[in-house]
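For reference, the structure is listed below as structure tokens.
2 protein chains.
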Amino acid sequence: MGPRLRTAPRKQPTQARATATVEVILQATARLLGKDGYDHLSTNKVAAAAGVSVGSLYQYFPSKEALVAALAERHRERVMGLVLERIAAHVDSPPEVAIREIVRGIIEAHGRDRALHRVLSEQIPRIGKLKTLIEDIEVHAAGAVRAWLERRPHGVRVKDPAVAAFIVSHAVEAAVHAGVLGDAAIDPAVLEDEVVDLVLRYLVK
Amino acid sequence: MGPRLRTAPRKQPTQARATATVEVILQATARLLGKDGYDHLSTNKVAAAAGVSVGSLYQYFPSKEALVAALAERHRERVMGLVLERIAAHVDSPPEVAIREIVRGIIEAHGRDRALHRVLSEQIPRIGKLKTLIEDIEVHAAGAVRAWLERRPHGVRVKDPAVAAFIVSHAVEAAVHAGVLGDAAIDPAVLEDEVVDLVLRYLVK
DNA sequence: ATCGAATGTGAGCGTACGCTCGCATCCACG
DNA sequence: CGTGGATGCGAGCGTACGCTCACATTCGAT
């Protein structure tokens, strides 16, 4: 067998075997990330923990950063999907209902994969490429809220929809995030009521 | 001269010279942190950038984490001092005034040392010592708001002061942080009006 | 059954890092 | 001005890391 040329470091898995490898690598990444943090993560450790050789890892992920990026991207798709879906489902609901449902959706989204979500939000901000990923989420979210505000002037008392959307999306995200993931977690039902109240009073009443 | 015993790695500078060394080290840390990020920071690089030897650095900071912790702690004292002062100054002001002044204080606090504040919040790994430092801020802030709420039932329509304080403190911090430090910064005056409105409607009206 | 491509392996090279230690230099104080 | 503690220095040791490469194994198609 002749020598192999490996000019393209990142491949897409095509066989089932490879997909499984990628999967087990990502799971090990999540585990180690939660246990030791991003700093103490290393490609060698991940490979060992995944029961895979470093070489295999490097076939799919060119760097430690890429490893975490893939994990984050995947999680983002799930969470954002859930929330945007919820928003779309309530474009025509009355504000009280829509806001409650959307807030509930956000709380649920934070509830899924709590450990992973926590780790990612704690460890991610420091990574270059991932920063744009987060900004993407924020911009998307604010955009959706803004569109929602502009579609329904009925009872909505907002001056500048862009600003209000900005404020609300950041405020809600932070409150829910801290309430669900924080050390002093709040009962989800109470959290929901309070956040809905916060938003409703600001936007509508 | 006999050998030196260095059992205690961290010293307090007593002479003026040493204080200057510590200062220049911290400044270099801030500079490199902003340029390269926490991951690519190293004690050797910091020492070189500070025009100081590694040995000197290790006399005062036992690790890279301690370096950043000192920087963060110092910044925290300034910011928290400003905000708590503002809260204390308005324990007896009417809610409309108190809330506005406090919010303005928080906005101002974020405005001072924008670059440093930004870098710290983005680059600090929320693990180990640094994590507790951040939680400290959150708990302190929520505690102050809670105390304020409990002192003044006049017109305050809040059920559970602890929960309300939690929600408000996180919501305000996030909105202000994003508004002041974010890429799409908002005019501080507008930001102030909107955040005050958000809080006032939730807590009082 | 055969064969080329896809996938998996792991020893190991080069490098950068964390940190120490023996020593030089400086400063405060008698 | 002499002395001892405080401060500053920087070569260099041990280590862990990132990543490669030559090779083994498995898969899928024929």
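Which chain is which? The protein sequence lines are A and B, in order. So the number in the working numbering is just where the residue sits in the first sequence, counting from 1, plus 1126. So the number in the working numbering is just where the residue sits in the second sequence, counting from 1, plus 1126. Glycine included, C-beta positions come from ideal geometry on N, C-alpha and C.
Contact set between residue i and chain A, taken where Cβ atoms lie within less than 8 Å
i, result
"B:PRO1251", "GLY1163, TYR1164, ASP1165, GLU1248, GLN1249 and ARG1252"
"B:ILE1312", "VAL1289 and PHE1292"
Residue i: contacting residues in chain B (beta-carbon distance under 8 Å)
i, result
"A:ASP1323", "TYR1328"
"A:ASP1309", "GLU1261"
"A:GLU1299", "ALA1300"
Test: residue i CB closer than 8 Å to a CB of chain A
i, result
"B:ALA1304", "yes"
"B:LEU1131", "Below a pLDDT of 50, predicted positions are generally treated as unreliable, and B:LEU1131, at 34, falls in that range; no measurement from the model is reported."
"B:HIS1296", "yes"
"B:GLU1276", "no"
"B:GLU1227", "no"
Closer than 7 Å: residue i CB and nearest the ligand GDP heavy atom
i, result
"B:ILE1213", "This structure simply doesn't include the ligand GDP, nor any ligand for that matter."
Contacts that residue i makes with chain A (C-beta to C-beta distance below 7 Å)
i, result
"B:VAL1316", "VAL1289"
Cutoff 8 Å: residue i Cβ touching any chain B Cβ
i, result
"A:PHE1187", "no"
"A:ILE1151", "no"
Same chain, Cβ closer than 7 Å to residue i, neighbours up to 5 away in sequence not counted
i, result
"B:ILE1213", "ILE1228, ALA1270 and TRP1274"
"A:VAL1236", "The amino acid at residue 1236 of chain A is misidentified as Val; the sequence shows His. Cβ within range, chain order: HIS1243, VAL1302, HIS1303, VAL1306 and LEU1307."
"B:ARG1230", "GLU1318"
"A:ILE1233", "VAL1302, VAL1306, PRO1314, LEU1317 and GLU1318"
"A:ILE1263", "ARG1202 and MET1206"
"A:VAL1284", "LEU1275, ALA1290 and LEU1329"
"B:THR1155", "VAL1172, LEU1193, VAL1194 and LEU1197"
"A:ALA1268", "ALA1291, PHE1292 and SER1295"
"B:VAL1298", "VAL1229, ILE1232, VAL1321 and VAL1325"
"A:ARG1272", "PRO1287, ALA1288 and ALA1291"
"A:GLY1163", "GLN1249"
Contact list for residue i against chain B, beta-carbon separation under 9 Å
i, result
"A:ILE1233", "Within 9 Å Cβ-Cβ: nothing; A:ILE1233 doesn't reach chain B, min ~13 Å."
Cβ neighbours of residue i in the same chain (closer than 8 Å, five flanking residues each side left out)
i, result
"B:ARG1252", "ILE1260"
"B:ARG1130", "Since pLDDT at B:ARG1130 reaches only 36, below the 50 mark, its modelled position is unreliable, and the value read off the structure follows with that caveat. Nothing meets the Cβ criterion."
"A:VAL1282", "PRO1221, LEU1275, LEU1329 and VAL1330"
"B:LEU1256", "GLU1191, VAL1194, ALA1195, ALA1198 and ILE1250"
"A:ALA1146", "none"
"A:VAL1153", "Correcting the residue type first, residue 1153 of chain A is Gln in the shown sequence and not Val. Taken in chain order, the residues that qualify are ALA1176."
"A:ARG1240", "VAL1306 and LEU1307"
"B:GLY1254", "GLU1191"
"B:PRO1279", "none"
Beta-carbon contacts of residue i that lie in its chain and below 6 Å, excluding the five residues immediately before and after
i, result
"B:VAL1245", "LEU1159 and GLY1160"
"B:VAL1148", "PRO1139 and TYR1186"
Could you name the residues of the region 1154 to 1176 of chain A whose beta carbon sits closer than 7 Å to any beta carbon of chain B, in the order they occur along the chain?
Those would be GLY1163, TYR1164 and ASP1165, in chain order.
Counting Cβ pairs closer than 8 Å, one from the region 1139 to 1153 of chain B and one from the region 1295 to 1312 of chain A, do we hit at least three?
Taking 8 Å as the limit for Cβ pairs, the verdict is that the region 1295 to 1312 of chain A does not touch the region 1139 to 1153 of chain B.
Does the count of Cβ pairs from the region 1287 to 1307 of chain A and the region 1193 to 1202 of chain A closer than 8 Å reach three?
No, the region 1287 to 1307 of chain A does not touch the region 1193 to 1202 of chain A.
Are the region 1317 to 1329 of chain B and the region 1221 to 1239 of chain B in contact at 8 Å, needing three or more beta carbon pairs?
Counting Cβ pairs under 8 Å, three or more are found: they touch.
Residues of the region 1190 to 1223 of chain A with a CB closer than 7 Å to any CB of chain B: list them in chain order, please.
Contact annotation: in the region 1190 to 1223 of chain A, no residue has its CB less than 7 Å from a CB in chain B.
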